Each structure stands twice: as structure tokens, then as C-alpha cells.
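Trainee:
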Amino acid sequence: MEKAVPTPDTSDMLLRDVMRSDLPIFFDQQLDPDANHMAAFTAKDPSDRDAFMARWIRMLGDETITIQTILFDGQVAGSVLSYEDEDERPEVSYWIGKPYWGKGVATRALSAFLKHIEVRPLYARAAKDNLASLRVLEKCGFARIGEDKGFANARSEEIEEFILRLD
Ligand SMILES: CC(C)(COP(=O)(O)OP(=O)(O)OC[C@H]1O[C@@H](n2cnc3c(N)ncnc32)[C@H](O)[C@@H]1OP(=O)(O)O)[C@@H](O)C(=O)NCCC(=O)NCCS
Numbered sequence: 012m013e014k015a016v017p018t019p020d021t022s023d024m025l026l027r028d029v030m031r032s033d034l035p036i037f038f039d040q041q042l043d044p045d046a047n048h049m050a051a052f053t054a055k056d057p058s059d060r061d062a063f064m065a066r067w068i069r070m071l072g073d074e075t076i077t078i079q080t081i082l083f084d085g086q087v088a089g090s091v092l093s094y095e096d097e098d099e100r101p102e103v104s105y106w107i108g109k110p111y112w113g114k115g116v117a118t119r120a121l122s123a124f125l126k127h128i129e130v131r132p133l134y135a136r137a138a139k140d141n142l143a144s145l146r147v148l149e150k151c152g153f154a155r156i157g158e159d160k161g162f163a164n165a166r167s168e169e170i171e172e173f174i175l176r177l178d
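Per this note's numbering, residue 12 is the first one in the sequence shown, and the count goes up by one each step.
1) Taking contact to mean 3 or more Cβ pairs, one atom from each stretch, closer than 8 Å, check whether the stretch 33-52 and the stretch 105-112 are in contact.
2) Bridge partners of residue 7, per DSSP?
3) Whole angstroms are fine: how far does the CA of residue 172 sit from the CA of residue 122?
4) Rounded to a whole number of angstroms, what is the C-alpha to C-alpha distance between residue 13 and residue 23?
5) Quick check on the DSSP output: the beta strand (DSSP E) that includes residue 159 runs from which residue to which?
6) Rounded to whole angstroms, what is the Cα-Cα separation between residue 74 and residue 140?
7) Beta-carbon within less than 8 Å of residue 161's beta-carbon, same chain only, minus the 5 sequence neighbours each way: which residues are those?
8) Quick check on residue 20: buried or exposed, where buried means 16 or more other Cβ atoms within 10 Å of its Cβ?
9) According to DSSP, what are the bridge partners of residue 33?
10) With H, G and I counted as helix, E and B as strand and the rest as coil, what does DSSP make of residue 57?
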């Protein structure tokens with residue numbers, strides 16, 4: 012008689028801890044001009060590799076910051092993180108490499124991350140015209156609670172953003 016074969020894990024999205032070897036991939040992903048325009052509130056100079064590496068090494072050593080690498084089909088597709096904003100409110104953010112956009116990766120990664128990070132309320136921000144990010148947040152249960160404006164490095168001007176909260 013044949014032995015039962017375990018059901019294969021068909022999940023194509025996984026979160027895991029960040030490995031140092033992920034950082035050059037994250038660096039390349041955050042260089043994309045369209046992604047920068049969307050995210051708007053970005054690093055002053057995304058092409059500054061040393062500044063990027065220093066920032067990430069510091070973030071990985073900060074116990075108030077939780078970061079996970081998003082794997083899609085076994086490849087490093089991006090990152091999702093939570094940190095405390097200037098008012099010490101926990102906030103989430105994420106960045107997906109362009110080749111992986113439009114496949115539900117951000118939505119699945121954020122919902123998995125929200126099971127990992129149990130603190131509530133949890134906040135998020137998105138430029139008012141970052142419709143994809145707003146959609147991801149709202150699909151994951153976040154609701155718009157206010158708005159703000161700030162200087163967006165990627166656009167060299169002050170722009171408006173929505174503040175969202177998950178209770
Ligand atoms: C925003 C971002 C995370 C989206 O990632 P993604 O993996 O493509 O997102 P998903 O596929 O899970 O979902 C995107 C949703 O937005 C929708 N969407 C995409 N572009 C849209 C647009 N221009 N207008 C309206 N909705 C849009 C998609 O249809 C989808 O919704 P649906 O499932 O109801 O169809 C990704 O583009 C990214 O990393 N951008 C650069 C960095 C960034 O903006 N980070 C967020 C900072 S707040």
C-alpha cells in the first residue's frame with residue numbers, strides 16, 4: 012500500500028527574519044524611480060549605498076523595530092516593518108520590488124505580519140495619491156483617521172498623506 016504523501020506547502024509568500032545578504036537586494040529595489048515617487052517620503056538620496064547600509068544595520072539592531080523579509084516563490088520580494096514614530100506610536104511600512112507588484116504580495120505580506128505584530132492600535136501613513144498602498148492597508152483592515160503633510164524627498168515638495176489606524 013502506498014504511504015500518504017504529505018500535502019505540499021503551496022504557499023508562495025513567506026516572511027522570515029532579515030539576512031545580511033538581503034540588504035543589497037533591498038537597496039536595488041529602493042532605487043526604482045516609480046517606487047520612490049509612490050512612496051514619496053523616502054531617503055534623501057536613495058543611490059547612496061553607504062547611507063542605506065548604515066541605516067539598515069542600525070534598524071536591524073534596534074529592538075523597537077521589527078523587520079521581516081518577504082519571500083515570493085523563494086525570491087526576496089521586499090520587506091515589511093514596524094517601528095515607533097516620533098510620538099512613539101507603532102507604525103507599519105513596506106516596500107515591494109517592482110517585478111513583484113500587482114500579485115497580491117504586499118497584501119499577503121502585511122496580513123501575515125499583522126499576525127506577528129500583536130500591538131494595537133497600529134498606524135500607517137501613505138501619500139494621498141499612493142492608491143495601491145492605501146488599498147493594501149484598507150484590505151488589511153486599516154481605516155483612514157486623519158491626514159498630514161510633510162516634505163517628500165522623492166518629489167522635492169511638501170505633499171499630503173493619509174494617516175490610517177488598525178484597532
Ligand atoms: C504599494 C505597494 C506596496 C503595493 O504592492 P503590491 O504587492 O503590488 O500590492 P498588492 O498586489 O497586494 O495590492 C495592490 C492593490 O492596489 C490596487 N492598485 C494598484 N495600483 C492602483 C492604482 N493606481 N489605483 C488604485 N488601485 C491600485 C491593486 O489593484 C490591488 O488591489 P486589489 O487586490 O483590490 O486589486 C508597492 O507598489 C510598493 O512597494 N511601492 C513602492 C513603495 C511604497 O509605496 N511603499 C508603501 C509606502 S506607504
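The beta-carbon is built from N, C-alpha and C at its ideal position, and this holds for glycine as well.
Just so we're clear, the structure is a prediction, and the values are computed from it rather than from any experiment.
Mentor: So, to answer that:
1) These segments touch.
2) It is not possible to answer for residue 7, since the shown part of the chain is limited to 12 through 178.
3) Rounded to the nearest whole angstrom, the CA to CA distance from residue 122 to residue 172 is 22 Å.
4) Only weak support is given to the placement of residue 13: the predicted model assigns it a pLDDT of 49, under 50, and the value that follows is read from those uncertain coordinates. Computed Cα separation, rounded: 28 Å.
5) Element bounds for residue 159: 154-163.
6) Using only the alpha carbons, I get a separation of about 32 Å.
7) 52, 169, 170, 172, listed in sequence order.
8) Note that residue 20 scores a pLDDT of 46, beneath 50, so its modelled location is shaky and nothing firm can be said.
9) Residue 33 is not bridged to any residue.
10) Coil at residue 57, not helix or strand.
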